[in-house]
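Participant: Under our numbering, residues -2 to 150 are what the sequence shown spells out, in order. Don't be surprised by glycine CBs; every beta carbon is placed ideally from N, CA and C.
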Amino acid sequence: FSGPAFKCPALKDLKCVEQETELVQFPVELLTHTLSQIRSLFFDHLEQHFHDTLRSTVAMVTDRKQVVHLNHERQLQQLDPQHIQTHIYNPRLAELQLHRQCVDIHCQDVLDTLSSCKLGQQELQASISRKNQEFVLTVSNMEDGVLRADSSQ
């Protein structure tokens, strides 16, 4: 292999560096074998990373699909006429019937109170009328008594 990574042209031009540095030639087979191993390990690692990412993605997509499917089933179940009848209509009907009973009881109590008040008013009017008649009779008797007393004098 004679790629640019194995050549160093700048060092050949400097004589002082050549004296201090000894360039060692590696056998081409060793370099080729090492490069081949590095490439193989790199691509194995890359392939393993790809498989791990793919596996993780498949698991995540499967989980998301299950969640979406369950939400979809729940929504469809809520649109089912039997579900609506059982969980929405019947409870609201029971609430309305209970409310109607409470309203009927309240109205009956109001009517009973109103009847009681009317009866009390009638009794009060009769009592006032009777007391007015007694008062008129008493005043009339007093007037007669005063007139008799004036006429006897």
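1) Tell me whether glutamine 22 sits in a helix, a strand or coil according to DSSP, three-state version.
2) Using the Cα positions of leucine 144 and isoleucine 125, report the straight-line distance between them to the nearest angstrom.
3) With distances taken between CB atoms, is the gap from histidine 80 to glutamine 74 smaller than 8 Å?
4) When DSSP labels each residue in this structure, what does aspartate 41 get in the three-state scheme?
5) Alpha carbon to alpha carbon, how far is arginine 97 from leucine 111? Give it in angstroms, no decimals.
6) Which residues bound the alpha helix (DSSP H) around threonine 110?
Facilitator: With the structure as the only source:
1) On the sequence shown, residue 22 is found 25 positions in, with the first residue counted as 1. Here glutamine 22 sits in coil by DSSP.
2) As a working note, residue 144 is residue 147 in the sequence shown. As a working note, residue 125 is residue 128 in the sequence shown. Approximately 28 Å, taken between the alpha carbons.
3) As a first step, residue 80 is located in the sequence shown; it is residue number 83 there, counting from the start. As a first step, residue 74 is located in the sequence shown; it is residue number 77 there, counting from the start. A contact, by the Cβ cut-off of 8 Å.
4) Position 44 of the sequence shown, counting from 1, holds the residue named residue 41. DSSP places aspartate 41 in helix when its eight states are reduced to three.
5) Taking the first residue of the sequence shown as position 1, residue 111 is located at position 114. Taking the first residue of the sequence shown as position 1, residue 97 is located at position 100. Spanning the two alpha carbons is a distance of roughly 21 Å.
6) On the sequence shown, residue 110 is found 113 positions in, with the first residue counted as 1. Note, threonine 110: alpha helix (DSSP H), 87 to 149.
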